[in-house]
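Line order of the protein sequences matches chains A and B.
Sequence positions in the first sequence follow the working numbering and run 1401 to 1605.
Sequence positions in the second sequence follow the working numbering and run 8 to 39.
Glycine residues also receive a C-beta, built at the ideal position from the N, C-alpha and C atoms.
The structure appears below as structure tokens.
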Amino acid sequence: VSGPGAPLRLAITGTDTGVGKTLVSCALLAALRARGVDARAMKPVETGITGRHAGTDGARLHRAAGGAGDADDVCPATYADPLAPLVAAERAGRPLDLARLDAAVARLAAGAEALVVEGAGGLLVPFADALDFAGLAVRWALDVVVVAADRLGVLNHALLTVREAERRGLRVRAVALHPLQAGAADPSAASNAAVLAGCWAPCRS
Amino acid sequence: VTVPYLDGVAQEDPAALAAAGDALARVLLAPP
């Protein structure tokens, strides 16, 4: 992404599993489409599911993207064990087919103004031998959005992820803070966004 | 960017989702 009008190509990663990546991805897709942007979704690997159904992350993303793209491209690889993709694939005896993923992302990106690719867990979660989600983002030339739970500890978690992404040569476009429950249960939520914004640029040096 | 909490019903409502993601979309669509 380099300049106005260039297509958005985004990797959505988290500081942990269960911090709201899918919700933030769906919200972003819906907001982009509400603005008339042709936005498409992809979940390259989803683990912990058996078969395709409406409750999977891939299905939620596909709906938020208005059904754009083929469902098999939106979520090309699924595994039953709720584990990191590399581990789930090894246990299933079915290694990740990177060529299939490459072809799927190419089909989804073709002509799309925005492509939102949601990872599994965090940036360094292994997908295949010597390939983590950061590696996939590099491979597909994606910019990064970091999703983090808006609670005490997020400053460290978010900055660690941002700095590692940048060390890998990725451009981090935003950190999205997401409350895990209704109400302001965590007092740090009142200041996390502002403190993080203040820390981000100085911490790059 | 802060993305508000949405309950299970709102998560399936395209308008509620779009409102929740609007601030993030604006940041990402802004020129670098």
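In chain B, what lies closer than 8 Å to residue i by C-beta?
i, result
"residue 1424 of chain A", "10, 28 and 31"
"residue 1582 of chain A", "12 and 14"
"residue 1408 of chain A", "35 and 36"
Which residues of chain B have a Cβ atom closer than 7 Å to the Cβ of residue i, listed in chain order?
i, result
"residue 1434 of chain A", "25"
"residue 1428 of chain A", "28, 31 and 32"
"residue 1502 of chain A", "Within 7 Å Cβ-Cβ: nothing; residue 1502 of chain A doesn't reach chain B, min ~24 Å."
"residue 1542 of chain A", "Here the premise fails: no neighbours, minimum Cβ distance about 12 Å."
"residue 1550 of chain A", "9"
Since residue i and residue j should fall inside the 8 Å C-beta cutoff, what is the C-beta to C-beta distance between them, to a whole number of angstroms?
i, j, result
"residue 1431 of chain A", "residue 23 of chain B", "So it is not a contact: roughly 11 Å between Cβ atoms."
"residue 1450 of chain A", "residue 1483 of chain A", "That pair is no contact at about 14 Å."
"residue 1536 of chain A", "residue 1444 of chain A", "7 Å"
"residue 1485 of chain A", "residue 1526 of chain A", "7 Å"
"residue 1512 of chain A", "residue 1440 of chain A", "5 Å"
"residue 1555 of chain A", "residue 1442 of chain A", "The Cβ separation is near 30 Å, so there is no contact."
"residue 1534 of chain A", "residue 1498 of chain A", "With 8 Å as the limit, residue 1534 of chain A and residue 1498 of chain A do not qualify as a contact, their Cβ atoms being about 15 Å apart."
"residue 10 of chain B", "residue 1574 of chain A", "Contact doesn't hold; Cβ gap of about 10 Å is too wide."
"residue 1538 of chain A", "residue 1568 of chain A", "6 Å"
"residue 1508 of chain A", "residue 1473 of chain A", "5 Å"
"residue 1471 of chain A", "residue 1500 of chain A", "Incorrect: roughly 14 Å between the Cβ atoms, too far for contact."
For residue i, which residues in chain B fall below 9 Å Cβ to Cβ?
i, result
"residue 1611 of chain A", "Only positions 1401 to 1605 of chain A appear in this structure, which leaves residue 1611 of chain A out of reach."
"residue 1579 of chain A", "9, 10, 11 and 12"
"residue 1593 of chain A", "8 and 9"
For residue i, which beta-bridge partners are listed by DSSP?
i, result
"residue 1532 of chain A", "A:1526"
"residue 1447 of chain A", "A:1479"
"residue 1578 of chain A", "A:1549"
"residue 1414 of chain A", "A:1522 and A:1547"
"residue 1572 of chain A", "A:1544"
"residue 1408 of chain A", "A:1514"
"residue 9 of chain B", "A:1577"
"residue 1454 of chain A", "Looking at the DSSP assignment, residue 1454 of chain A forms no beta bridge with any residue, so it has no partner."
"residue 1389 of chain A", "In the structure as shown, chain A begins at 1401 and stops at 1605. Residue 1389 of chain A is therefore absent and cannot be evaluated."
Just the chain A side, please: which residues come within less than 8 Å of residue i by C-beta, in chain order?
i, result
"residue 34 of chain B", "1573 and 1574"
- Pair every Cβ in the stretch 1489-1499 of chain A with every Cβ in the stretch 1403-1419 of chain A, then say whether three or more of these pairs are closer than 8 Å. The stretch 1489-1499 of chain A makes no contact with the stretch 1403-1419 of chain A: fewer than 3 CB pairs, one atom from each, lie closer than 8 Å.
- Query: Between the stretch 1451-1462 of chain A and the stretch 1532-1549 of chain A, do three or more beta carbon pairs fall short of 8 Å?
  - Reply: no
- Item | Start-end ranges of the alpha helix (DSSP H) lying completely within the stretch 1481-1560 of chain A, minimum 4 residues | You should have 1485-1492, 1498-1509 and 1533-1539.
- Are there three or more Cβ pairs, one per stretch, closer than 8 Å when the stretch 1579-1590 of chain A is compared with the stretch 1558-1569 of chain A? The stretch 1579-1590 of chain A is not in contact with the stretch 1558-1569 of chain A.
- Query: When the Cβ atoms of the stretch 1415-1424 of chain A are set against those of the stretch 1512-1529 of chain A, are three or more pairs found closer than 8 Å?
  - Reply: yes
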